[in-house]
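Numbering (our numbering), first residue to last: 13 to 304.
One structure is given here, and the rest of the page talks about it.
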């Protein structure tokens, strides 16, 4: 692992930083096996009508199943994996786009990694005084159908003030290359405040439960820099840094585990955000729940 000083310098300069070999081979396999078990136990008939869209269909797909997933383990399917009735068009094990949004609290394998001493060490290196878990997801990026993720800032979806209090942890459970949909960043763009907000609709009667407010984020592809990483790497992502990933048109999957933290020592979490803490799962603090 690079020195704390070097890590902090890279993160502050670029808005993201890569720590190679953060997870061991065993930890990567344990998380993949845990996800495999969760997928095996999932009944598609109970979940497959819930598709994860990008682009103009995204807001319309955000129903109560999505809005109430913050304290649960739920499944969001690839658009190309199901028909209009929710019937699977591909094998179950490659049909899901992502699982969210409380994996890190509910499943022991994901909890062990998320609330580990080495995650806490990174938080302290970056100066987080009271980091709390907001959401966690398993991203499949399955071969052939793993859809692209449009240009965005995480602060658009999980808005806090100051926006620098939001931090993403993204773990490559398999090699991520330009071929199979690695992350792309605009280095230094963490200095731009979000120009749009994905929020709950205050008047959803007869309309969508969520709305995108503000201008569309348009950034030339020439501004992006690919961030290919090897299995076990951790990518740290500032809440404001602009990033994206392309569709996986290859024959290789690109599994990743990711979660977001907010440093509540000086942050105000917007009550308009789609994801809100619940009585069953208030945002749990990292330092008070370490499992090692």
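From the three backbone atoms N, C-alpha and C, an ideal C-beta is built for every residue, glycine too.
As the structure is a computational prediction, the values presented were derived from the model and not from experiment.
Cβ-based burial, residue i [other Cβ within 10 Å; buried from 16]
| i | result |
| --- | --- |
| residue 76 | exposed |
| residue 49 | exposed |
| residue 233 | exposed |
| residue 305 | Residue 305 lies beyond the stretch modelled for the chain, which goes from 13 to 304, so this question has no answer here. |
| residue 139 | exposed |
| residue 109 | buried |
| residue 215 | exposed |
| residue 37 | exposed |
| residue 107 | buried |
| residue 280 | exposed |
| residue 72 | Reliability fails at residue 72, whose pLDDT of 44 lies under 50, so the model's placement of it is uncertain and no value is given. |
| residue 302 | exposed |
| residue 46 | buried |
| residue 263 | exposed |
Identity of the residues DSSP links to residue i by a beta bridge
| i | result |
| --- | --- |
| residue 281 | 172 |
| residue 224 | 210 |
| residue 112 | 86, 149 |
| residue 7 | Residue numbering for the chain in the displayed model covers 13 to 304; residue 7 lies beyond these limits and cannot be assessed. |
| residue 158 | 260 |
| residue 2 | Outside the displayed range of the chain (13 to 304) lies residue 2, so it cannot be described from this structure. |
| residue 297 | 144 |
| residue 241 | 188 |
| residue 164 | 255 |
Through-space distance from residue j to residue i, alpha-carbon basis
| i | j | result |
| --- | --- | --- |
| residue 231 | residue 259 | 18 angstroms |
| residue 213 | residue 205 | 22 angstroms |
| residue 65 | residue 197 | Residue placement at residue 65 cannot be trusted, given a pLDDT of 47 that sits under 50; what the coordinates show is reported in the next sentence. Distance between the alpha carbons of residue 65 and residue 197 is about 21 angstroms. |
| residue 113 | residue 151 | 11 angstroms |
| residue 288 | residue 82 | 7 angstroms |
| residue 123 | residue 221 | 30 angstroms |
| residue 129 | residue 135 | 10 angstroms |
| residue 87 | residue 115 | 11 angstroms |
| residue 154 | residue 191 | 12 angstroms |
| residue 248 | residue 193 | 17 angstroms |
| residue 101 | residue 90 | 10 angstroms |
| residue 118 | residue 99 | 28 angstroms |
| residue 228 | residue 253 | 15 angstroms |
| residue 18 | residue 246 | 15 angstroms |
| residue 103 | residue 282 | 39 angstroms |
| residue 39 | residue 126 | 11 angstroms |
Residue i in three-state terms, based on DSSP
| i | result |
| --- | --- |
| residue 98 | coil |
| residue 275 | strand |
| residue 232 | coil |
| residue 103 | coil |
| residue 197 | strand |
| residue 144 | strand |
| residue 324 | In this structure the chain extends from 13 to 304, so residue 324 is not present and cannot be described. |
| residue 42 | helix |
| residue 19 | helix |
| residue 205 | coil |
| residue 292 | coil |
| residue 78 | helix |
Legend entry - Any 3 or more C-beta pairs closer than 8 angstroms across the region 203-213 and the region 154-173: yes
Inset, instruction - Decide yes or no for the touch test of the region 19-30 against the region 82-99: beta carbon pairs closer than 8 angstroms, at least 3 of them. - result: no
Inset, instruction - Evaluate contact between the region 267-284 and the region 173-180, counting only Cβ atoms and requiring at least three cross-stretch pairs below 8 angstroms. - result: yes
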